[in-house]
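If you read the sequences in order, they're chains W and E.
Per full-length UniProt numbering, the first sequence starts with residue 1, numbered consecutively.
Per full-length UniProt numbering, the second sequence starts with residue 1, numbered consecutively.
There are 2 protein chains.
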Amino acid sequence: MDRPEAYPITYGVLGLLAYWGPLSGYDLKQLFDHVLSAMWSAAHSQIYNELKRMKGLGWVEMEREEQESRPDRKVYSITPAGRAALESWQQQPPAVLQLRDELLLKMMFGSFAPPEAISENIRASIALHEQRLLQYRQTTQHLPVRDQPRQASGRPNPYASQEEEDIYFRLVSRFAINFEQTYLNWLYEAMEVLEEQNEE
Amino acid sequence: MDRPEAYPITYGVLGLLAYWGPLSGYDLKQLFDHVLSAMWSAAHSQIYNELKRMKGLGWVEMEREEQESRPDRKVYSITPAGRAALESWQQQPPAVLQLRDELLLKMMFGSFAPPEAISENIRASIALHEQRLLQYRQTTQHLPVRDQPRQASGRPNPYASQEEEDIYFRLVSRFAINFEQTYLNWLYEAMEVLEEQNEE
DNA sequence: ATTTCCATGTAACGCGTTACATGATTGG
DNA sequence: CCAATCATGTAACGCGTTACATGGAAAT
């Protein structure tokens, strides 16, 4: 059977190139951390690998920007073949969501831990998720400028206008915020339940 | 630097053995699918590997139950060393939550897809998560009987009574349900937003 | 008749993580 | 002074997934 030539993370990189325009590997890492971290994370090493893979597939092109006293920026842009691949991917059923959360796992077996250990873990988790919630609410900071050049062949995206494009971005941001709020509510509730239990 | 001798999934198996009592690899797979799937999934091949690893560490013991016309059941139970490892794990800070969701990734770049493709993906996702929500609401079906034998050396769990143990189980179940509800609400909202957009 | 359940494993493979490697510039 | 930012890669490693392997009993 054929092995797939690309994976979700490949399309994550490709999608960012389609949406944000030409970007370097470094830029892509920033975007992953600030925009996609809620649904798919990536190490910088992996991003560079995906760029190499996609260059081999002809989905992206690379142009070298020379710089002094720093490594040259290698700026990647999506090709027509890349756009076709992105569209084709969109028409295949997505893999099911996966959640991996060691805190939940520890909570599940909380009865085998000293009560202080659990409380401490919950406290740390609250701090973490409060911070994330803040970050999601002001995502637009620290993002590379979106610079989508018009090509001679017409609009690069045949499916949506600039405004319509933002609908998706807003929807996904909303999800990230909803999720963090739900998680935090649960953490606070867990904290209360466990405190009550300790008093009795 | 030392490589860790165990991973979250190792402790998932270990915790189930501590909580549910002696279990076979097959039982453990059922429990993972019905109890832990919300926070950590596992293939059966991996469970058998973890059991092997833990036996090498002395964290579990195996007893063979002979059967006719079927492979023998190998029933594993946790050892005192295993309990110590579980408790020690509980006192270390948990790794941060990770979410991987290809649907969200596709939504992010929804402007590069034919609108019908997105709607179709959302519909399928709604069906999936409605089903999961139902499952979480009636989890206690299909579970192996919990059979925690009293040992000569006293209560197996020094931290919590039977009733207190269930608090954690209930808290985590509650989380799974909250999560699915939040996800579903968002999916329905996304559906509406996209339908409105198509009408204009 | 065919799917599901019971029951246990091995083998191949690669995505994703962590660590290694380098080095000038800027801000606190 | 020291940490962070900018900037790009390679190497090692293994967790986790998918596929392979087997086969009787029971249910639909």
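Glycine residues also receive a C-beta, built at the ideal position from the N, C-alpha and C atoms.
Contact set between residue i and chain W, taken where Cβ atoms lie within less than 9 Å
i, result
"E:Phe32", "Under the 9 Å cutoff, chain W gives no residues; its nearest Cβ is about 11 Å from E:Phe32."
Distance between residue j and residue i (C-alpha atoms, nearest Å)
i, j, result
"E:Leu128", "W:Arg100", "19 Å"
"E:Ser111", "W:Tyr183", "29 Å"
"E:Gln151", "E:Gln30", "Reliability of the predicted coordinates at E:Gln151 is poor, the pLDDT of 49 falling under 50, and no value is obtained from them."
"W:Glu68", "E:Ala6", "46 Å"
"residue 208 of chain W", "E:Glu63", "As shown, chain W starts at 1 and ends at 200. That puts residue 208 of chain W outside it, with no answer to give."
"W:Asn49", "W:Val96", "24 Å"
"E:Gln46", "E:Gln197", "45 Å"
"E:Asp166", "E:Asn121", "37 Å"
"W:Gly21", "W:Ala42", "19 Å"
"E:Trp59", "W:Pro94", "38 Å"
"E:Met107", "W:Tyr168", "6 Å"
"E:Tyr136", "E:Leu171", "12 Å"
"E:Met1", "E:Leu194", "Summary for E:Met1: the model assigns pLDDT 48, below 50, so the residue's position carries little reliability; its value from the coordinates is reported in the next sentence. Distance between the alpha carbons of E:Met1 and E:Leu194: 51 Å."
"E:Leu105", "W:Ala81", "20 Å"
"E:Thr79", "W:Pro115", "22 Å"
"W:Leu17", "E:Val75", "52 Å"
"E:Leu57", "E:Glu65", "22 Å"
"W:His34", "W:Thr139", "7 Å"
"E:Arg83", "W:Ser119", "20 Å"
"W:Ala190", "E:Arg73", "38 Å"
"W:Glu164", "W:Asn157", "11 Å"
"W:Pro4", "W:Gln98", "20 Å"
"W:Ser77", "W:Thr10", "14 Å"
"E:Glu130", "E:Leu23", "30 Å"
"E:Ala160", "E:Tyr19", "11 Å"
"E:Glu199", "W:Ser173", "23 Å"
"W:Gln162", "W:Pro144", "17 Å"
"W:Ile126", "W:Arg132", "10 Å"
"W:Glu192", "W:Ala117", "15 Å"
"E:Phe109", "E:Leu134", "30 Å"
"E:Glu61", "W:Glu61", "57 Å"
"E:His44", "E:Phe32", "9 Å"
"residue 202 of chain E", "W:Arg146", "One cannot answer for residue 202 of chain E here, as it falls past the ends of chain E, which runs 1 to 200."
Partner residues on chain E for residue i, Cβ-Cβ distance less than 8 Å
i, result
"W:Glu164", "Ser111, Gln197"
"W:Asn157", "Ser111, Phe112"
"W:Gly15", "Leu105, Met108, Phe109, Phe112"
"W:Glu87", "Phe112, Ala113, Pro114"
Nearest-angstrom beta carbon gap, residue j and residue i [assumed within contact, 8 Å]
i, j, result
"W:Gln90", "E:Ala113", "3 Å"
"W:Gly12", "W:Leu51", "Their Cβ separation, rounded to whole angstroms, is 12 Å, which puts W:Gly12 and W:Leu51 out of contact at 8 Å."
"W:Met54", "W:Leu14", "7 Å"
"E:Pro8", "W:Glu102", "5 Å"
Chain-ordered chain W contacts of residue i [CB-CB under 7 Å]
i, result
"E:Ile167", "Val193, Gln197"
"E:Pro80", "None at all; the shortest Cβ gap to chain W is about 13 Å."
"E:Trp20", "In chain order: nothing, as chain W lies at least about 11 Å away."
"E:Thr182", "Asn178, Phe179, Thr182"
"E:Val172", "Leu104, Met107, Met108"
"E:Ala190", "Leu171"
"E:Ala6", "Neighbours of E:Ala6 on chain W: none; closest Cβ ~12 Å, over 7 Å."
"E:Gly12", "Leu105"
"E:Ala117", "Gln90, Gln91"
"E:Ala124", "Pro93"
Proximal residues of chain E, C-beta to C-beta of residue i below 7 Å
i, result
"residue 227 of chain W", "Missing from the structure shown is residue 227 of chain W; chain W here goes from 1 to 200 and no further."
"W:Gln98", "Ser41, Arg100"
"W:Met160", "Reading the sequence as shown, one finds Ala at residue 160 of chain W and not Met. Result: Ser111."
Residue i: CB within 7 Å of a non-hydrogen atom of the ligand MG
i, result
"E:Val96", "Within the structure as shown, the ligand MG is missing, as the structure has no ligands at all."
Contacts of residue i in chain W (Cβ-Cβ under 8 Å)
i, result
"E:Gly58", "None at all; the shortest Cβ gap to chain W is about 18 Å."
"E:Leu36", "Leu105, Met108"
"E:Leu23", "In chain order: nothing, as chain W lies at least about 14 Å away."
"E:Asn49", "By Cβ distance, chain W contributes nothing, its closest Cβ being about 18 Å from E:Asn49, past 8 Å."
Interface residues of chain E facing residue i [CB-CB closer than 9 Å]
i, result
"W:Leu128", "Val96, Leu97"
Does the stretch 166-179 of chain W come close enough to the stretch 184-192 of chain E that 3 or more CB-CB pairs lie under 8 Å?
yes
inquiry  = Which runs of the beta strand (DSSP E) at least 3 residues long sit entirely within the stretch 156-195 of chain E? Give them in chain order.
reply    = none
Any chance you could list the beta strand (DSSP E) runs of at least 3 consecutive residues sitting entirely within the stretch 52-138 of chain E, in chain order? 60-65, 73-78, 98-100
Taking 8 Å as the cut-off, does the stretch 16-27 of chain E touch the stretch 77-92 of chain W (at least 3 CB pairs, one atom from each stretch)?
In this structure the stretch 77-92 of chain W does not lie against the stretch 16-27 of chain E, because fewer than three pairs of beta carbons, one per stretch, are closer than 8 Å.
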